[in-house]
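Working notes, beginning with the structure itself.
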Amino acid sequence: MASYDFRAQRLFVDVPLREAEQVALGREQAHYVLNVLRLDEKSPILAFNGRDGEWLARLVRSGKRDAALLPERRTRDQTSPGDLHYLFAPLKQARLDYLVQKAVEMGASAIRPVLTRHTQVSRVNRERMLANVIEAAEQCGVLSVPDVLEEVRLDSLLEGWDASRLLVFCDEDAEVADPLEALRAAAPAPISLIVGPEGGFSAEERDRLLRLPHVLRLSLGPRILRADTAAVAALALVQAVRGDWKG
Ligand code: SAH
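Just so we're on the same page, our numbering is the position in the sequence shown counted from 1, plus 46.
Shown next as structure tokens:
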């Protein structure tokens, strides 16, 4: 990342990116680029779509409100998105926006809202989550946009649990124990991380989670963290011990 050009605006476009093949921007994205970012033909733009790597592109204006991108050269080859699923009890809007953005910055390859007993929201706004995921992906230099999986109730998630994945269960009731040690000792497997709602997990939920065949009960220290704090803390531990922070 050292040679990364942080000045250039990054834009996610969900269309193929090929050299010299112009890509029309949707009306909303054109408005954002022209009137909010106020970019012009000279502004360097880095376009990515999650499949064709990242391209240095030029802005091509047509009329007052339409714009297109003209990919000139590939600046980074596509990399695989990793395999870290972040499962979370959805929070109220502003904190949910924050939590979704942090999960992307911390390298989640998929995020999934999980409705638990004490979850305080009944429905999540999927469009808003997608917008937050794309915005975070554009800002944090990732080459792919994490999947936003369908919201699911905890009991159905556990019924169909894929035992090939290690479920790292952030349990506010767990005895304080070294999380680095716990993560190092767990068998190698793709990781799904779960963090509960503000009201925590219920006793029966905790019991079901701990009875899963492949679960790691993780303490995040002696204090009760708010769910969005726990998200970043847990993702940092997982990435540092088992993920892409190891270089
Ligand atoms: N009952 C408390 C706990 C909620 S914290 C409350 O109402 O505030 C929200 C979630 O963050 C928890 O369900 C858990 O997944 C995680 N969490 C918070 N503190 C934690 C800790 N010390 N250890 C492990 N997980 C924690």
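Every residue, glycine too, gets a C-beta built ideally from N, C-alpha and C.
Ligand 1 approaches glutamate 244 closely enough that one of its heavy atoms is under 6 Å from the residue's Cβ. Of the residues assessed, lysine 148 falls on the buried side of the cut-off, its CB having 16 or more other CB atoms within 10 angstroms.
Shown here for lysine 138: same chain residues with a beta carbon closer than 7 Å to its own, the five before and five after excluded, namely Gln166 and Val167 in chain order. Arginine 199 and aspartate 86 have their C-alpha atoms roughly 46 Å apart. Per DSSP, proline 159 lies in no alpha helix (DSSP H); the unbroken beta strand (DSSP E) holding it starts and ends at 156-161. According to the DSSP secondary-structure assignment, proline 117 is paired through a beta bridge with Ala103. DSSP places arginine 169 outside both helix and strand once states are collapsed to three, so it counts as coil.
For valine 160 and leucine 239, the gap between their C-alpha atoms comes out near 11 Å.
One alpha carbon belongs to glutamate 74, the other to leucine 256, and they sit about 46 Å apart. Counting every other CB atom within 10 Å of its CB across the protein chains shown gives histidine 164 a total below 16, marking it as exposed.
The straight-line gap separating the alpha-carbon atoms of proline 117 and leucine 57 is approximately 12 Å.
Not a single heavy atom of ligand 1 lies less than 6 Å from the C-beta of aspartate 143. Annotation: the continuous alpha helix (DSSP H) that includes valine 284 extends over 273-288. Scanning Ala103, Pro236 and Glu205 for the CA closest to the CA of glycine 128 turns up Pro236. Judged by beta-carbon spacing, leucine 195 lies beyond the 7 Å limit of arginine 172, meaning their Cβ atoms are not closer than that value.
In this structure phenylalanine 52 is exposed. Its beta-carbon is surrounded by fewer than 16 other beta-carbon atoms within 10 angstroms. Listed in chain order, the non-local C-beta contacts of methionine 152 below 7 Å within the same chain comprise Val278, Leu281, Ala282 and Gln285, local neighbours out to five positions each way being set aside.
Short note on glutamate 227: C-beta not closer than 6 Å to any heavy atom of ligand 1.
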